[in-house]
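Notes to accompany the following structure.
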Amino acid sequence: MFFVVFTLSYWLMNPKLSKFLKAEDLDDALRALQEIGKLDDDDSAHIQQILADWSPPQAVANILIYTLIPKHQRIDYLLQGLRDDNVPYLALAATVGFQNVKAEAVTESQRQLIVNELFRIIEQYPQFAGRATVSISPFLSLNDAPRMFRLLDMLDGSSRHNVLAWLITEIGVNHQQEFLQLAENSGISVSTIQLAQNKLEEYNQAQAEGKFTNIGFPLFSYIPNLQDMLG
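Here's what the structure looks like:
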């Protein structure tokens, strides 16, 4: 019965919105979204219904990634996505969606929820950490630095790079001794502490010499399509 109703709702909606919601490739979804332009009341009602039903997964994922969500519900639905362990791709979709949320637009209690859930994603889904370490950065406070340092022993590649980028630019540049003390007190390995120190020195040297370095910039990892993850 649900399938019949949902299929019928696709026939009744704006064909451009239907194309966006059904798109299995993220590039196709983006192109479809650009064709839609401004959403009308009927479009918004269809999106609201999909979010309320939390189905089908492809439509929900596309909505979360491109944050086609009313502002007053945006944080709640993105958090719901982060917490969806039944369909892990929705956690990735929400992780990406948070890159469209301005940190200054959330309350302190929301900020803490966002940070805690994104830390959980990083720790529980290492395959999503490349994106989660980008998404979490704007919402972090200096109080989160010890936990960020502890991630350095867990992560590698772009994920570790992104953690170091935040630690170096937010703490290391102006508070080098505090940076080193936090690293030493975090319980991470000696080799990881040395890595962090070396990267900080490399960054400072590049800044002093006016040379470009990507150390302070995040690296954006590839976002797979839902069907890729389903195999």
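With this note's numbering as the guide, the letters of the sequence shown map in order to residues 3 to 233. Ideal placement from N, C-alpha and C gives every residue a C-beta, glycine not left out. None of the values given here were measured: they were computed from a predicted structure.
Would residue i be called buried (16 or more neighbouring beta carbons within 10 Å of its own) or exposed?
i    : result
V192 : exposed
E26  : exposed
D29  : exposed
R33  : exposed
L10  : Reliability fails at L10, whose pLDDT of 44 lies under 50, so the model's placement of it is uncertain and the value that follows must be treated cautiously. Under this definition L10 is an exposed residue.
S160 : buried
G39  : exposed
Y224 : exposed
T109 : exposed
F100 : buried
K1   : Because the chain is modelled from 3 through 233, residue 1 falls outside the range shown and cannot be assessed.
L144 : exposed
F22  : buried
A47  : exposed
A107 : exposed
Measure the CB-CB distance between residue i and residue j and report whether it falls below 8 Å.
i    : j    : result
A147 : I173 : yes
A61  : I71  : no
I49  : I65  : yes
A105 : P140 : yes
S137 : L157 : no
N16  : D55  : no
I217 : E204 : yes
L182 : Q199 : yes
I195 : A210 : no
M231 : Y127 : no
F130 : A167 : no
S188 : R152 : yes
Residue range of the alpha helix (DSSP H) that residue i falls in?
i    : result
T194 : 192-210
S160 : 159-169
L184 : 178-187
F22  : 17-24
By the three-class DSSP mapping on this structure, what secondary structure does residue i have?
i    : result
E125 : helix
S139 : helix
L35  : helix
I225 : coil
S57  : coil
M150 : helix
K40  : coil
L70  : coil
V7   : At V7 the pLDDT is 46, less than 50, meaning the model places this residue with poor confidence; the figure from the coordinates comes in the next sentence. It is helical.
D155 : coil
F219 : coil
M231 : helix
V175 : coil
D45  : helix
F237 : This structure leaves residue 237 out entirely; the chain is present only between 3 and 233.
L115 : helix
D30  : helix
Under 8 Å, Cβ to Cβ, is there at least one residue of chain D near residue i?
i    : result
F214 : Of the chains in the structure shown, none is chain D; there is only one protein chain.
Subject >> Residue ranges of each alpha helix (DSSP H) within the segment 82-108, 4 or longer >> reply: Taken in chain order, the unbroken stretches of alpha helix (DSSP H) that lie wholly in the segment 82-108 and span 4 residues or more are 90-99.
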